[in-house]
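Let me begin by presenting the structure, written as structure tokens, before commenting on it.
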Amino acid sequence: MISESTVYVVDDDPQARDSVCALARSMGVPTKNFPSAESFLDFYRGQPGCVVTDYRMTGINGLELQESLHKRGSEVPLIVVTAFARTSMTVQAIKNGAITLLDKPYDDDDSLWQAIRTALAEDDSRRRQKQECAEDQQRIENLSDKEREVLDLMLLGTSNKAMASKLDVSLRTIENRRRKVFSKIRVETVAELVALVLKARNRPTVETASRSIS
Amino acid sequence: MLLVLAATGMCVLTQLWNPSSDVTYGFVIAPLVLSVVYRSVGISIGANVIIAIAWAVTWNLTGLTVTNHALLTHLLYVPILSIALSITQQRALRKLSAYHESLHERVQEPHDAMRLVAEETSLRAKSEAELRRQHSLLELILATVPDGIFLKDRNRNVLLANRALCDHNNMKLEEILGMPSEGATPRGMRNLSRETDEAVLRDGVHLRKEYVWENSDGTVQYWDVEKMPLLENSKIVGILGVARNITERKEAEKKLKEQEALMLHASRLSSMGELAAGIAHEINQPLYSILNYARAVKNTLDGPREPNLEDIGTWTGQILEEAARGGEISKRLRSFARRSETQREQASLSAIVQESIGFVAGEARSSNVEIQSDLADELPSVRVDRVQIQQVLVNLMKNAIEALQNHDVASRQIVISTRRVPEGVEVVVADNGPGLPADQTVDIIEPFFTTKNEGVGLGLSISNTIIEAHGSKLSCSTNAWGGATFEYTLAVCENQFSQNSTG
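Taken in order, these protein sequences are the chains called X and F. Read in order, the letters of the first sequence are residues 30 to 243 in this note's numbering. Read in order, the letters of the second sequence are residues 104 to 606 in this note's numbering.
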């Protein structure tokens, strides 16, 4: 089931929490409230959206939450709002990726709004990319063993002739298999093919990511 | 007995000389009779016995024989004669003695009177000297005491004044005596002086009042004046008073108070500095909410769809509330930082505790410390300096947070509890930190005692000063968690106390 993009608001101050929810609501995005990072971690299983969290909270703080999510392999965009952005904190935050640090109160009245918009867009495009990637992987998976042999040799830049002699088949057979590879993976040039395969192979599969989250 | 023996002896002697003599009987009986008779009459026995014996001996020695009759006559004659004689003699003697006594008395009376007069005169002279001595001593004392002493009659005219009083009024003793009270009283004291005089004269009460007035040169004078009725035959005839200039003492006290206030103020400011991060967080919370709500309203109004007015109403309401919350925090902070004079007011302890928790909430959160409050319901209000009591709570919580920061425990906790006790309301601040150093529980409240690397160690000492000024004592102990517990009791407002105890 594909759930709708949601803003997850984590703050131990109920008034602050409600205000972020109001903001998200005004953007037409559904929200979900959590009084602590712990309760959010209990709930969250990789659903789409972004997280707006306070830095200072009883129990796990905003950066520790980011770390926990990072360890789980989650890439959900995180907006950490804090009254005290310190350098060490910023460095740590950036190391763990996917984060926006906002000073509280922010200089610009639409900072959080913008941050939420950006984060949601990011999450969306990341998910879309992931989806594409998964489809690419699927298409590569769909190749027959013989076709994959040809694909691997193509990636190494082997010529058709060399392939034919190496695999001990006719040049024609090689050309047929090459055509199959292009059509199955739905690319037209060798350059496209190389880029797609490399991208697909360097990414973890969707299955692995969700396994590590649960 | 002696007589019997003597008589018996005599009979033996008589028999030796003249065995045939029948005088024996007489000598045996005579002394017995004599002794009885003489004793009953009470006259000199010895003389008659000797006469009787001499008589008997003479007769025996001369060989005369007498009949029993003759001897008895003799024996009876002598005592009767003696008795008669002695009775007459005694009567005469008694009369003489009585006469002598009356004569003596008659002579003694004027003599005694004269002696008494003489004695009295000397005594009076002596006591007059003593009186003079005491009087001069009293005058000396009156002249040397630094307090002004005065005596007024029922019309409030000055009857007596000592040197100190004259000096205080810049007047001579001759001027002041007999003067109406108004003239002998500094202008600033006159009204209250008249009122108290009248009260003493009317009700016979003992009054002690403090007078404060400003001199023409702007200096302020403080006087402590005690007045009591002067009684004569249980009627009030005047006023006796003692006036003491306490200006210097008052000024010293004031200076001390000012210094104390300065110290408290400085410590508060330093607390504020240390708490800055937490305070900034406190202030930022409502600002953050306001920005979010305002943005939400703007988004809704700017959006392509028809704005949801209900949402806008809710959100603008929230903006107002949050702005008020921010204002409240800044007001609290301002009063916490600025005010330096002690101000007692009737206050709710629960509110004070909640506000104090608000001050350190930020710091507690970042140190991962949970502050719980366990406040008794329906506590009577206390009469305290709100800011100072907040300062104590902030200090205690701050200490606990710092102690907990370096302490490895699953959940760091501070519990503030209040409860009603007979003496007032008890406030307890407990933590599950490392506790107090076992041998230093006494020193911990001393100024400059610190176990920390930062800070000067005045926090607990200042807290204790504040609590002592509120009539209690800050005590500390190690609690069941092994952490530290600090407690003190605040007095409740009198009027409510009685309400509570009766209803």
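All C-beta atoms, glycine included, are put in the ideal place defined by N, C-alpha and C. Source: prediction; values computed, not measured.
{"Asked": "Local conformation of X:Gln167 per DSSP, three classes", "Found": "helix"}
{"Asked": "Nearest neighbour of F:Trp584, chosen from F:Val532, F:Asn567, F:Gly574 [CA to CA]", "Found": "F:Val532"}
{"Asked": "F:Trp316 in three-state terms, based on DSSP", "Found": "strand"}
{"Asked": "Which residues DSSP lists as bridging F:Glu529, in chain order", "Found": "F:Arg522, F:Thr592"}
{"Asked": "Distance, F:Gly586 Cα to X:Leu141 Cα", "Found": "42 Å"}
{"Asked": "Backbone secondary structure at F:Ala479 - three-state DSSP", "Found": "coil"}
{"Asked": "Buried versus exposed, by CB contacts within 10 Å (16 or more), F:Arg189", "Found": "One point to set straight first is that residue 189 of chain F is Ser, not Arg, in the sequence displayed. F:Ser189 is buried by the Cβ-count criterion."}
{"Asked": "First through last residue of the alpha helix (DSSP H) which encompasses F:Ala513", "Found": "Per DSSP, F:Ala513 belongs to no alpha helix (DSSP H) and is neither H nor E."}
{"Asked": "Where F:Asp306 falls: helix, strand or coil (DSSP)", "Found": "helix"}
{"Asked": "Contact with chain X by F:Ser604, beta-carbon distance below 8 Å", "Found": "Low confidence applies here, because F:Ser604 scores a pLDDT of 39, under 50, leaving its location unreliable; read the following figure in that light. Cβ-Cβ to chain X under 8 Å: no for F:Ser604."}
{"Asked": "Interface flag, F:Leu412 vs chain X, CB-CB below 8 Å", "Found": "no"}
{"Asked": "CA-to-CA distance, F:Ile460 to F:Ser451, given in whole angstroms", "Found": "14 Å"}
{"Asked": "Extent of the continuous beta strand (DSSP E) run through X:Ser103", "Found": "Per DSSP, X:Ser103 belongs to no beta strand (DSSP E) and is neither H nor E."}
{"Asked": "Contacts around X:Leu225, its chain only, beta-carbon distance under 7 Å, and the 5 residues preceding and following it disregarded", "Found": "Asp165, Ile214, Val216"}
{"Asked": "Which of helix, strand or coil DSSP assigns to F:Met331", "Found": "strand"}
{"Asked": "Sequence-distant residues of its chain with Cβ nearer than 8 Å to X:Leu200 (five each side left out)", "Found": "Asn189, Lys190, Ala193"}
{"Asked": "Coil, strand or helix - F:Ser470 by DSSP", "Found": "coil"}
{"Asked": "Rounded C-alpha distance that separates X:Val81 from X:Leu92", "Found": "12 Å"}
{"Asked": "Which of helix, strand or coil DSSP assigns to X:Ile203", "Found": "helix"}
{"Asked": "Top-ranked residue by Cα proximity to F:Asp414, from F:Asn498, F:Gln493, F:Ala397, F:Cys269", "Found": "F:Ala397"}
{"Asked": "Chain-order list of residues whose beta-carbon lies under 6 Å from that of F:Ser575 (same chain, five-residue window excluded)", "Found": "Tyr591, Thr592"}
{"Asked": "Terminal residues of the beta strand (DSSP E) in which X:Asn189 lies", "Found": "Looking at the DSSP string, X:Asn189 is not in any beta strand (DSSP E); the run it does join, the alpha helix (DSSP H), is 189-196."}
{"Asked": "As assigned by DSSP and simplified to three states, the class of F:Glu409", "Found": "coil"}
{"Asked": "DSSP beta-bridge partners of F:Lys255", "Found": "F:Val261, F:Ile342"}
{"Asked": "Between the CA atoms of F:Leu254 and F:His309 - distance to the nearest angstrom", "Found": "14 Å"}
{"Asked": "Beta-ladder partner(s) of F:Ala450, from DSSP", "Found": "F:Val485"}
{"Asked": "Within 9 Å of chain F by C-beta, residues of the region 53-67 of chain X in sequence order", "Found": "Ala53, Arg54, Ser55, Met56, Gly57"}
{"Asked": "Alpha carbon of X:Asp40 to alpha carbon of F:Glu363, nearest angstrom", "Found": "42 Å"}
{"Asked": "Minimum Cβ-Cβ distance from F:Asn395 to chain X less than 8 Å", "Found": "yes"}
{"Asked": "Burial state of F:Tyr202 (16 or more Cβ within 10 Å)", "Found": "exposed"}
{"Asked": "CB contact check: X:Leu95 to chain F, cutoff 8 Å", "Found": "Inspection of the sequence shows that residue 95 of chain X is occupied by Gln rather than by Leu. No, no contact with chain F."}
{"Asked": "Contact list for the region 73-105 of chain X against chain F, Cβ threshold 8 Å", "Found": "Arg85, Met86, Thr87, Gly88, Asn90"}
{"Asked": "Nearest to F:Gly291 (by Cα), restricted to the options F:Gln324, F:Ile386, F:Ala302, F:Asp300", "Found": "F:Gln324"}
{"Asked": "Chain B within 8 Å of F:Gly465, Cβ atoms only", "Found": "Judged by its chain identifiers, the structure shown contains no chain B, and its protein chains are X and F."}
{"Asked": "Neighbour-count burial assignment, F:Gln211, 16 or more Cβ in a 10 Å radius", "Found": "exposed"}
{"Asked": "Within-8 Å CB hit, X:Ala45 to chain F", "Found": "yes"}
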